[in-house]
Amino acid sequence: MGGHTVFSFFLLFLFLSYAAARDRCVHQSKAAYSSSSGLSVGACGYGSMALAFDGGYTAAGSSTLHRGGVGCGACFQIRCKNTRVCRAEGVSVILTDLNGSNHTDFVLGDPAFAAMARNGKEQELKKLGILDVEYKRIPCEYKNRNLSVRVEESSRSPRHLAIKFLYQGGQTDMVAVDVAQVGTPNWRFMRRDYGPVWSISRAPVGPLQLRMVVTGGYGGRWVWAQKAVLPAEWTTGSVYDLGVQITDIAQESCRVEEWK
């Protein structure tokens, strides 16, 4: 990669490390219920794979949380403040969609919304529709999964390559992705199409390796896949394991509050 490109990535890294910082502090908001199955398909494009994330507990987030797709895959702990019908611990969800409403920060799918209820109070909770909640971002945990990529159907071998990142752990945002032929220093940057999907129209030929910049609050780092991630004959629909796990935790930008 040339010096100008490296410098550009450095500026991008610094800017997004600060601009995209999201803390672990407790925030007050509202959450709504949706019986639609669309939250798994959603604006983030995970499709049915989202049902394997966090036990299928999915949510749509406001534009502030979705952040043009950067927030796709982020995990949150949400707790209903109506103690008569809700459990104290709340529920953890993964962001898979954009909530277009200005009235709530979250719209929860059926399983996640019901999981907040006390025993026998599920239907009563759903009838309320919109709840006062408090929430905080939490690290995503995929203990038995490495960071992986799925080759999207829009890819056209060998040159046009689109990949979707899966199982991004920790409390991180992915802000840059490079690809190179294994054994060469000729890195090429990929662009974010939407959410977790990145693409390149002039992909290198041959087995490919990846490197990514992830931020965790006020800081960030390169994550390198230390092996060939995609074979020379990669195929659409296939999922490839990067062999790394991300566990970074965001630094705080405000006073840490415990659940009361």
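When the letters of the sequence shown are read in order and numbered with mature numbering (1 follows the signal peptide of the UniProt record, and there is no 0), they come out as residues -21 to -1, 1 to 239.
Yeah, the Cβ is synthetic: ideal placement off N, Cα and C, and Gly gets one too.
Just so it is clear, the structure is predicted and the values come from calculations on it, not from any experiment.
Starting from residue i and walking both ways along the alpha helix (DSSP H), at which residues does that stretch end?
| i | result |
| --- | --- |
| D89 | D89 to A94 |
| S8 | Taken as a continuous stretch (DSSP letters only), S8 belongs to no alpha helix (DSSP H), being part of the beta strand (DSSP E) at H6 to Y12. |
| L44 | S42 to H45 |
Measure the beta-carbon distance from residue i to residue j and round it to whole angstroms, keeping in mind my assumption that it falls under 8 Å.
| i | j | result |
| --- | --- | --- |
| L187 | S127 | In fact, because the Cβ distance is near 14 Å, the residues do not count as touching under 8 Å. |
| T43 | A91 | At roughly 19 Å, the Cβ-Cβ gap does not stay under 8 Å, so T43 and A91 are not in contact. |
| D152 | V72 | That belief does not hold up - the Cβ atoms of D152 and V72 are roughly 17 Å apart, past 8 Å. |
| V223 | V202 | 6 Å |
| A229 | G195 | 5 Å |
| R116 | C54 | 7 Å |
On the DSSP letters alone, give me the boundaries of the beta strand (DSSP E) that residue i sits inside.
| i | result |
| --- | --- |
| E113 | I109 to I117 |
| L145 | L140 to L145 |
| T194 | L187 to T194 |
| Q56 | C54 to C59 |
| V128 | S127 to V130 |
| S180 | No beta strand (DSSP E) holds S180; DSSP gives it neither H nor E. |
| T226 | No beta strand (DSSP E) contains T226, which DSSP labels as neither H nor E. |
| V158 | D152 to Q160 |
| M169 | R167 to Y173 |
| T62 | Run containing T62: none; DSSP gives neither H nor E here. |
| R200 | G199 to W203 |
| D84 | Note, D84: premise wrong, no beta strand (DSSP E); not H, not E. |
Taking Cβ positions, are residue i and residue j nearer each other than 9 Å?
| i | j | result |
| --- | --- | --- |
| A10 | L74 | no |
| V130 | G40 | no |
| V218 | L189 | no |
| R58 | A96 | no |
| G174 | G26 | no |
| C119 | Q160 | no |
| V70 | L104 | no |
| D111 | S8 | yes |
| Q56 | Y12 | no |
Take the Cβ of residue i as the centre, count every other Cβ of all protein chains shown within 10 Å, and call the residue buried at 16 or more, exposed below.
| i | result |
| --- | --- |
| A211 | exposed |
| W177 | buried |
| V184 | exposed |
| N78 | buried |
| A(-3) | Legend: pLDDT at A(-3) = 40, less than 50; position of this residue unreliable, value from coordinates given subsequently. By the neighbour-count rule (16 or more Cβ atoms within 10 Å), A(-3) is not buried but exposed. |
| S14 | exposed |
| K60 | exposed |
| I225 | buried |
| S80 | exposed |
| K122 | exposed |
| G47 | exposed |
| H45 | buried |
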